[in-house]
Amino acid sequence: MLTTWDDGAGQPDEALMAEMGAFIEEMTKAGVLLATGGLEPGGVRISSSGGEITVTDGPFTEAKEAIVGFALIETRSREEAVELSRRFWKIVGDGHGYIQQVFGPDLGPR
1 MLTTWDDGAG QPDEALMAEM GAFIEEMTKA GVLLATGGLE PGGVRISSSG GEITVTDGPF
61 TEAKEAIVGF ALIETRSREE AVELSRRFWK IVGDGHGYIQ QVFGPDLGPR
């Protein structure tokens with residue numbers, strides 16, 4: 001899974017959206033992209049301590065960054081995932097995110 005963080009850069013322009021749309025279409029046709037989407041930056045925090053559950057509505061002022069987007073991809077290797085992420089960042093410009101392996105229901109790599 002590739003995730004992106006909100007760095008306060010603002011909304012993308014039409015040219016960037018068109019280029020990103022072409023990239024998403026290419027990955028979808030290749031069967032690499034399984035899902036993609038944006039995430040509400042505020043959200044709800046749920047925590048458990050000593051058997052007590054606490055629910056807190058966001059946004060959270062102490063959080064300087066929040067995950068705001070994701071792409072679930074299926075690649076043959078870590079290197080392929082890194083290359084797709086490099087292509088993504090060349091399109092969108094400055095920012096940062098993470099690549100994390102997702103484990104399936106069988107608890108093994110997918």
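Going by UniProt numbering, the residue at position 97 of the sequence shown is 97; the numbering climbs one at a time, nothing skipped.
Virtual Cβ for every residue (Gly too), placed ideally from N, Cα, C.
By the neighbour-count criterion, in which 16 or more other beta carbons inside 10 Å mark a residue as buried, L2 falls on the buried side. Straight-line spacing of the CA atoms in G95 and G43 works out to 21 Å. Cβ-Cβ separation between T56 and R45: approximately 5 Å, consistent with a contact (criterion under 8 Å). At least 7 Å separates the beta-carbon of A71 from that of I99. Taking every protein chain shown into account, the CB of T54 has fewer than 16 other CB atoms within 10 angstroms, so this residue is exposed. In this chain, R87 is not harboured by any beta strand (DSSP E); it is covered by the alpha helix (DSSP H) spanning R78 to V92.
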